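Enquirer: Residue numbers (this note's numbering), protein chains in the order written: chain A, 1426 to 1594; chain B, 55 to 97. Below you will find the structure I want to go over with you.
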């Protein structure tokens, strides 16, 4: 088969790029353990509160280790439920120390919602019937806004929450 | 004879412009991919 010299160069360039991207993907998946936010963990959307992770006392920010936290959230039109504080008031903001490992787990009782912490890699869909989770480590302090990025109805733009990453000291 | 003539024409086709255009596009895709990947890693 006759191949033009330029065609050969282009094919080598294209195939090498493909190999490079597959290697990056493989390192991410098998060495770094990156997973999609949905691991097919399911939950009955009508009985979300009965699930271990979403019981009243487990909602919101929970410290589970020296440097490890779990944040459990129930999303619904048009609110993120982070539970209540000790005085029974609805939690409107959470504070997480910088450098800590945080596992976000969320589900929804109605339609599909978005779960994006603007300016970070925390960005996933929240689907009815599934528990979507994402692990992250906050490297920079600051105030991040959690927003819904899947159009969920007339109050979609009202769905927001504040996450503050604070200094350890 | 005719076939041979045709083959000769094809091999001498000037593909320089095509090659440059394709490489510009390829390098653009690669560079933009790495910029986005860099943003992902830095966050």
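The beta-carbon is built from N, C-alpha and C at its ideal position, and this holds for glycine as well. If you're wondering where the values come from, they're calculated on a predicted model, not measured in any experiment.
Could you please give the first and the last residue of the uninterrupted alpha helix (DSSP H) stretch that includes residue 1438 of chain A?
Expert: Your numbering for residue 1438 of chain A matches position 13 in the first chain. That run of the alpha helix (DSSP H) goes 1430 to 1451.
Enquirer: Going by C-alpha distance, which of A:1520, A:1576, A:1533 and A:1549 is nearest residue 1470 of chain A?
Expert: Taking the first residue of the first chain as position 1, residue 1470 of chain A is located at position 45. Minimum Cα-Cα distance from residue 1470 of chain A among the listed residues A:1520, A:1576, A:1533 and A:1549 corresponds to A:1533.
Enquirer: By the three-class DSSP mapping on this structure, what secondary structure does residue 55 of chain B have?
Expert: Residue 55 of chain B sits at position 1 when you count from the first residue of the second chain. Since pLDDT at residue 55 of chain B reaches only 46, below the 50 mark, its modelled position is unreliable, and the value read off the structure follows with that caveat. In this structure, residue 55 of chain B counts as coil in the three-state DSSP scheme.
Enquirer: Quick one: is residue 1596 of chain A near chain B, going by C-beta distance under 9 Å?
Expert: What is shown of chain A runs 1426 to 1594, which leaves residue 1596 of chain A out entirely.
Enquirer: Determine, using beta carbons only, whether residue 1478 of chain A and residue 1538 of chain A come nearer to each other than 9 Å.
Expert: Here residue 1478 of chain A is taken as the residue at index 53 of the first chain, counted from 1. Here residue 1538 of chain A is taken as the residue at index 113 of the first chain, counted from 1. No.
Enquirer: Between which two residues does the beta strand (DSSP E) holding residue 1528 of chain A run?
Expert: Taking the first residue of the first chain as 1, we reach residue 1528 of chain A at position 103. Residues 1526 to 1533.
Enquirer: What in chain A is Cβ-close to residue 76 of chain B, meaning under 7 Å?
Expert: The residue you call residue 76 of chain B lines up with position 22 of the second chain. Neighbours of residue 76 of chain B on chain A, chain order: 1435.
Enquirer: Would a C-beta distance cut-off of 9 Å place residue 1507 of chain A and residue 1586 of chain A closer than the cut-off?
Expert: On the first chain, position 82 is the one that residue 1507 of chain A refers to. On the first chain, position 161 is the one that residue 1586 of chain A refers to. Yes; because the gap between Cβ atoms is below 9 Å, this pair is in contact.
Enquirer: Listed from N- to C-terminal order along the chain, which residues in the stretch 1543 to 1554 of chain A have their beta-carbon within a distance smaller than 8 Å of any beta-carbon of chain B?
Expert: 1544, 1545 and 1546
Enquirer: What separation, rounded to the nearest whole angstrom, lies between the Cα atoms of residue 1480 of chain A and residue 1574 of chain A?
Expert: As a first step, residue 1480 of chain A must be located in the first chain, where it is residue number 55. As a first step, residue 1574 of chain A must be located in the first chain, where it is residue number 149. Going by the C-alpha atoms only, they are around 25 Å apart.
Enquirer: Helix, strand or coil for residue 71 of chain B? Go by DSSP, reduced to three states.
Expert: For this step, residue 71 of chain B is matched to residue 17 along the second chain. Residue 71 of chain B: helix per DSSP, three-state reduction.
Enquirer: From this set, A:1540, A:1455, A:1550 and A:1567, which residue's C-alpha is nearest residue 1593 of chain A's C-alpha?
Expert: Position 168 of the first chain, counted from the first residue, corresponds to residue 1593 of chain A. Comparing Cα-Cα distances from residue 1593 of chain A to each of A:1540, A:1455, A:1550 and A:1567, the minimum goes to A:1567.
Enquirer: Below 8 Å on C-beta distance, what does residue 82 of chain B contact in chain A?
Expert: Your numbering for residue 82 of chain B matches position 28 in the second chain. By Cβ distance, chain A contributes nothing, its closest Cβ being about 12 Å from residue 82 of chain B, past 8 Å.
Enquirer: Closest to residue 1510 of chain A by C-alpha separation, out of A:1484, A:1502, A:1466 and A:1474, would be which residue?
Expert: Working through the first chain from its first residue, we reach residue 1510 of chain A at position 85. With distances taken between Cα atoms, residue 1510 of chain A lies closest to A:1484.
Enquirer: Where does residue 1458 of chain A sit, in a helix, a strand or coil, going by DSSP?
Expert: Here residue 1458 of chain A refers to the residue found at position 33 when the first chain is read from its first residue. The answer is coil: DSSP assigns residue 1458 of chain A none of H, G, I, E or B.
Enquirer: Give the residues of chain D in contact with residue 69 of chain B, contact being defined as C-beta atoms less than 9 Å apart.
Expert: The structure shown contains no chain D; the protein chains it does contain are A and B.
Enquirer: State buried or exposed for residue 1557 of chain A, treating a residue as buried only when at least 16 other CB atoms are found within 10 Å of its CB.
Expert: As a first step, residue 1557 of chain A is located in the first chain; it is residue number 132 there, counting from the start. Note on residue 1557 of chain A: 16 or more other CB atoms within 10 angstroms of its CB, so buried under the neighbour-count rule.
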